[in-house]
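This report refers to the structure that appears directly beneath it.
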Amino acid sequence: MKYIIENPMTIKEFLIETPLSKAMIKKIKREGDFLVNGKHQTVRYALNKNDVLEIVIPKEKTNILPQNIPLNIVYEDQYYLIIDKQATIPCIPTKKYPNQTIANALVYYYQQKGIEATVHLVNRLDKETSGYMLVAKDSRSHALLSTNIKQIKRVYHCLVDGLLEGNGVINKPILKKENSMQRYINENGKKAVTYYKVIKQLHHQTLVECILETGRTHQIRVHMASIGHPLSGDELYGSNINQNIYLDSVEISFVHPYTNKLIYLSKNTVF
């Protein structure tokens, strides 16, 4: 990354204005470099107008096991890719799911394509959720979107128990239960806002469109259950219907931080 300095300041002061995290800056100090007009300098160096500052990002390494798991990539450029995730596959390795995740698949894909990168998920989906996921190919690209995560618009479709009517907004804070993956509505929780509208009523179920203002874990599942319409098949949040959960990220859009162009993908899902 090269920058032409417009106003005198130290490298440290300049870094504060970048999207680089403190952890990444420390890593650059250890394994990368700061070059001013081609010469190594420390972060205390005083930059002058028209100096050329080059920030050398160290090559990324990963301990994630590469696994040949099919990825449905629907968009890709030098900095980002969007995948259409299948349901029932976790995003990242955990104690419960140590492999066979989206992260394992991405590391394998990167190795096959000669891309030196670890996994940077801009947004995650629950294991049961399918649909569009945005992935950054390097830490800087991830940081550029993470600093303005609300500009990433996501639309979901879900099937819920019962006959829901009309449109609405659910503005209820969500808190994680101790020693559990379950979440619940609690005034001490994190702010969570979901906009919903009915697409179609189906006998004893309703197809619903949800737009998230926030992105809390299990947000749609918790919010829909809180109004008496849990996702069908979602036993964790009170559904009595025996079927697989249908929750699909059907639309995603964001302004590309390198080109300032709108990237928009939609499945135009018909149920």
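Taking my numbering, the leading residue of the sequence shown gets 120, the next gets one more, and so forth. From the three backbone atoms N, C-alpha and C, an ideal C-beta is built for every residue, glycine too.
Give the DSSP-derived three-state secondary structure of Ser-299 in the structure shown. Residue numbering aside, residue 299 sits at position 180 when the sequence shown is read from its first letter. If DSSP states are grouped into helix, strand and coil, Ser-299 belongs with coil.
Using the rule of at least 16 other Cβ atoms within 10 Å of the residue's Cβ for burial, across every protein chain shown, is Thr-220 buried or exposed? What you label residue 220 is simply residue 101 of the sequence shown in a count that begins at 1. Its Cβ being crowded by 16 or more others within 10 Å, Thr-220 is buried.
If Pro-209 and Lys-246 are in contact, beta carbons under 8 angstroms, what's the gap, nearest whole angstrom? Taking the sequence shown and counting its residues from 1, the one referred to as residue 209 is at position 90. Taking the sequence shown and counting its residues from 1, the one referred to as residue 246 is at position 127. Sure, about 5 angstroms apart at Cβ, within 8 angstroms.
Which residue comes first and which comes last in the beta strand (DSSP E) that contains Glu-328? Working through the sequence shown from its first residue, we reach residue 328 at position 209. It spans 324-331 - the beta strand (DSSP E) in which Glu-328 sits, taken as one unbroken run.
Measure the C-alpha to C-alpha separation of Asn-187 and Asn-169 and round it to an integer number of angstroms. The count along the sequence shown starts at 1 and reaches residue 187 at position 68. The count along the sequence shown starts at 1 and reaches residue 169 at position 50. Taking the straight line from one Cα to the other gives about 48 angstroms.
Please report the distance separating the alpha-carbon of Lys-309 from that of Pro-177. Within the sequence shown, residue 309 is the residue found at index 190, counting from 1. Within the sequence shown, residue 177 is the residue found at index 58, counting from 1. Straight-line Cα distance between these residues: approximately 35 angstroms.
Of the choices Gly-357, Leu-172, Lys-295 and Thr-137, whose alpha-carbon is the least far from that of Ser-258? As a first step, residue 258 is located in the sequence shown; it is residue number 139 there, counting from the start. Per the Cα distances, Thr-137.
Suppose the cutoff is 6 angstroms on Cβ atoms and the five residues either side in sequence are ignored; what does the same chain contact list for Asp-353 look like? The count along the sequence shown starts at 1 and reaches residue 353 at position 234. Closer than 6 angstroms at the Cβ level, and outside the excluded window around Asp-353, lie Arg-340 and Ile-364.
If we count Cβ pairs, one from each stretch, closer than 8 angstroms, do we get three or more for the segment 270-289 versus the segment 323-330? yes
Kindly indicate the opening and closing residues of the beta strand (DSSP E) around Ala-255. The residue labelled residue 255 in the question sits at position 136 within the sequence shown. Note, Ala-255: beta strand (DSSP E), 249-255.
Helix, strand or coil, according to DSSP, for Ser-265 in the structure here? Indexing the sequence shown from 1 puts residue 265 at position 146. Here Ser-265 sits in helix by DSSP.
Measure from the C-beta of Tyr-356 to each C-beta in chain B and report whether the shortest distance is under 8 angstroms. In the structure shown, chain B cannot be found, because there is only a single protein chain.
Same chain, Cβ closer than 6 angstroms to Ile-304, neighbours up to 5 away in sequence not counted: Counted from its first residue, the sequence shown places residue 304 at position 185. Answer for Ile-304: Lys-291 and Ser-345, listed in chain order.
Rounded straight-line distance, which links the Cα of Gly-250 to that of Asp-367: Position 248 of the sequence shown, counted from the start, is the residue given in the question as residue 367. Position 131 of the sequence shown, counted from the start, is the residue given in the question as residue 250. Approximately 5 angstroms, taken between the alpha carbons.
Taking a contact to mean a Cβ-Cβ separation below 8 angstroms, would you say Ile-192 touches Ile-183 in this structure? Here residue 192 corresponds to residue number 73 of the sequence shown, with the count starting at 1. Here residue 183 corresponds to residue number 64 of the sequence shown, with the count starting at 1. It is not a contact, given that the beta carbons lie outside the stated cut-off.
For the segment 217-249, which segments carrying the alpha helix (DSSP H) assignment without a break, of at least 4 residues, lie completely within its bounds, in sequence order? 221-232
Within the continuous alpha helix (DSSP H) that includes Ile-339, where are the two ends? Position 220 of the sequence shown, counted from the first residue, corresponds to residue 339. It spans 338-345 - the alpha helix (DSSP H) in which Ile-339 sits, taken as one unbroken run.
Between which two residues does the alpha helix (DSSP H) harbouring Lys-141 extend? As a first step, residue 141 must be located in the sequence shown, where it is residue number 22. 141-150 is the span of the alpha helix (DSSP H), which, as asked, contains Lys-141.
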